[in-house]
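Student: Sharing a structure, written as structure tokens. Questions coming.
There are 2 protein chains.
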Amino acid sequence: MAYRAKIKITLRPSILDTQGKAVHHALESLNYQSVAGVRIGKYIELEVAESDESTASRITDEACKKLLANPVMEDYSFELEQIGQAN
Amino acid sequence: MAYRAKIKITLRPSILDTQGKAVHHALESLNYQSVAGVRIGKYIELEVAESDESTASRITDEACKKLLANPVMEDYSFELEQIGQAN
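Top to bottom, those sequences are chains A and B.
My numbering applies: residue 451 is where the first sequence begins, and numbers increase by one.
My numbering applies: residue 451 is where the second sequence begins, and numbers increase by one.
This is the structure in structure tokens:
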């Protein structure tokens, strides 16, 4: 089996999101007054060719911790979706 | 009511994801051989202070089309979550 990991990486709520502020201002200037709280993060998909879900989950978690997310400033969450046979 | 829009913006499958390739190589060098198909996109959260879900959905869709996503290179999808009273 293989799994597709869908990972969301977001800035921690206490960290100022300057990119989000810029997008918020741009939306206001386009007359979307009801939009607020814009937060911008990353969305990453991986295919993990492992036969069991717990191994795929462990590998995804390690990849987030070691490489994809900055543990000081960012939180991450992911879900796994089965996508068929591994090679 | 207000709604939180959770937006995923991904490169279209036909577009080469150079950032994803770089992350894939980094994962290989960390000895994660079972990981492939790395695709990197954006994850954006907005709070939309509208009383009905269809208006919130329309505003989120317009924001994606006009500002957040590049319609030539990117696809987007979003879900709405009710988060309580609007101001």
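No residue lacks a Cβ here, since even glycine has one placed at the ideal position from N, Cα and C.
Would you say B:Thr-510 and B:Ala-472 are within 8 Å of each other, going by their C-beta atoms?
Tutor: no
Student: For A:Ala-476 and A:Tyr-453, I'd like the C-alpha separation in whole angstroms.
Tutor: 37 Å
Student: Check distances from the C-beta atoms of the region 479 to 511 of chain B to those of chain A and list, in chain order, the residues that come in under 9 Å.
Tutor: Leu-480, Tyr-482, Gln-483, Ser-484, Val-485, Ala-486, Gly-487, Val-488, Arg-489, Ile-490, Gly-491, Lys-492, Tyr-493, Ile-494, Glu-495, Leu-496, Glu-497, Val-498, Ala-499, Glu-500, Thr-505, Ala-506, Ile-509 and Thr-510
Student: Does the beta-carbon distance from B:Gly-491 to B:Leu-461 come in below 8 Å?
Tutor: Their beta carbons are under 8 Å apart, which means B:Gly-491 touches B:Leu-461 by this criterion.
Student: Taking Cβ-Cβ distances shorter than 8 Å, what residues in chain B pair up with A:Thr-460?
Tutor: Residues of chain B passing the Cβ test: Tyr-493 and Glu-495.
Student: When burial is assigned at 16 or more other CB atoms within 10 Å of the CB, is A:Glu-497 buried or exposed?
Tutor: buried
Student: Hey, could you find the ends of the alpha helix (DSSP H) A:Ile-533 is sitting in?
Tutor: Premise fails: A:Ile-533 lies in the beta strand (DSSP E), 524 to 534, not in any alpha helix (DSSP H).
Student: Residue range of the alpha helix (DSSP H) that A:Ala-459 falls in?
Tutor: Per the sequence shown, the amino acid found at residue 459 of chain A is Ile instead of Ala. Where A:Ile-459 is concerned, there is no enclosing alpha helix (DSSP H), although the beta strand (DSSP E) it sits in stretches over 452 to 461.
Student: Classify A:Glu-495 as buried or exposed, calling it buried when 16 or more other Cβ atoms lie within 10 Å of its own Cβ.
Tutor: buried
Student: If we ignore side chains and look at the alpha-carbon of each, how far apart do B:Ala-536 and A:Tyr-482 end up?
Tutor: In this prediction, B:Ala-536 has a pLDDT of 47, which is less than 50 and means its spatial position is unreliable; nothing more can be read from the coordinates.
Student: Are B:Ala-499 and A:Ser-484 closer than 8 Å when you measure CB to CB?
Tutor: Yes, Cβ-Cβ distance for B:Ala-499 and A:Ser-484 is below 8 Å.
Student: Can you give me the start and stop residues for the alpha helix (DSSP H) that A:Leu-477 sits inside?
Tutor: 468 to 479
Student: For chain A, is any of its Cβ atoms less than 8 Å away from the one on B:Leu-477?
Tutor: yes
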